[in-house]
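Mapped onto our numbering, the consecutive letters of the sequence shown carry residue numbers 16 to 148. We put the beta carbon where it would ideally sit given N, CA and C, even for glycine. As the structure is a prediction and not an experimental result, all values here were calculated from the model. Remarks on the structure that follows.
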Amino acid sequence: MRKKNKDLEQFVFVKNSSLHGKGIFTSVDIPKNKITMPIIGEVISGDECERREEENNVYIFWNGDTYIDTAMSDKIKYINHNCDFNCDVIERDKNSLSLIAYRNIKAGEELTIDYGYEEIYEDCKCGKCKHKK
Ligand SMILES: [Zn+2]
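Below you can see the structure in the form of structure tokens.
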């Protein structure tokens, strides 16, 4: 059962992104460090995570303890990588994470995070990744 929460998820929407496929965007300004939405999904083991990654499931988050597969989510799975990211991911509880604003974000902006695994920097075309190599 979903309980009504005070996060900003209701203002987050999915549309086509200039970065990659679809992305998630905000329709309101979000101040720095504000929790934007929870990252909730199916909790899976490390082995299961590896198996799903081989099937090209790219919607898996890791919170340090558990792998969280967000493939069934309606919004968060669309978050794109950007080396010039505006959101970060923090711990929420044992089996979920929170998406927070890394800087002040304006209404209409796409929400992005640094995926943080090496292969992403090979595919990313932003130009900033060069500093990471
Ligand atoms: Zn990049």
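According to DSSP, simplified to helix, strand and coil, what is residue i?
i, result
"F28", "strand"
"D103", "strand"
"I135", "helix"
"Y74", "coil"
"E124", "coil"
"D84", "strand"
"D62", "helix"
Alpha carbon to alpha carbon, how far is residue j from residue i? Give it in angstroms, no decimals.
i, j, result
"M16", "G56", "Residue confidence for M16 is low, a pLDDT of 49 falling below 50, so the modelled location carries little weight and cannot support an answer."
"N72", "K109", "22 Å"
"D103", "K47", "10 Å"
"D44", "E68", "34 Å"
"I128", "C144", "13 Å"
"K121", "S32", "16 Å"
"D138", "G123", "25 Å"
"Y82", "D62", "10 Å"
"S60", "W77", "10 Å"
"N97", "K90", "17 Å"
Here's the rule I'm using: 16 or more other beta-carbon atoms within 10 Å means buried, otherwise exposed. How should residue i be labelled?
i, result
"K148", "With a pLDDT of 49 at K148, under the threshold of 50, the predicted position of this residue should be treated as unreliable, and no value is reported."
"M52", "buried"
"F75", "Here the sequence assigns Ile to residue 75, which means Phe is not the residue at that position. The residue is buried, with at least 16 neighbouring Cβ atoms inside 10 Å."
"E65", "exposed"
"I105", "exposed"
Worksheet entry | beta strand (DSSP E) runs contained entirely in the segment 32–59, provided each spans 3 or more residues | As far as the segment 32–59 is concerned, its whole beta strand (DSSP E) runs of at least 3 residues are 37–41, 50–54, 57–59.
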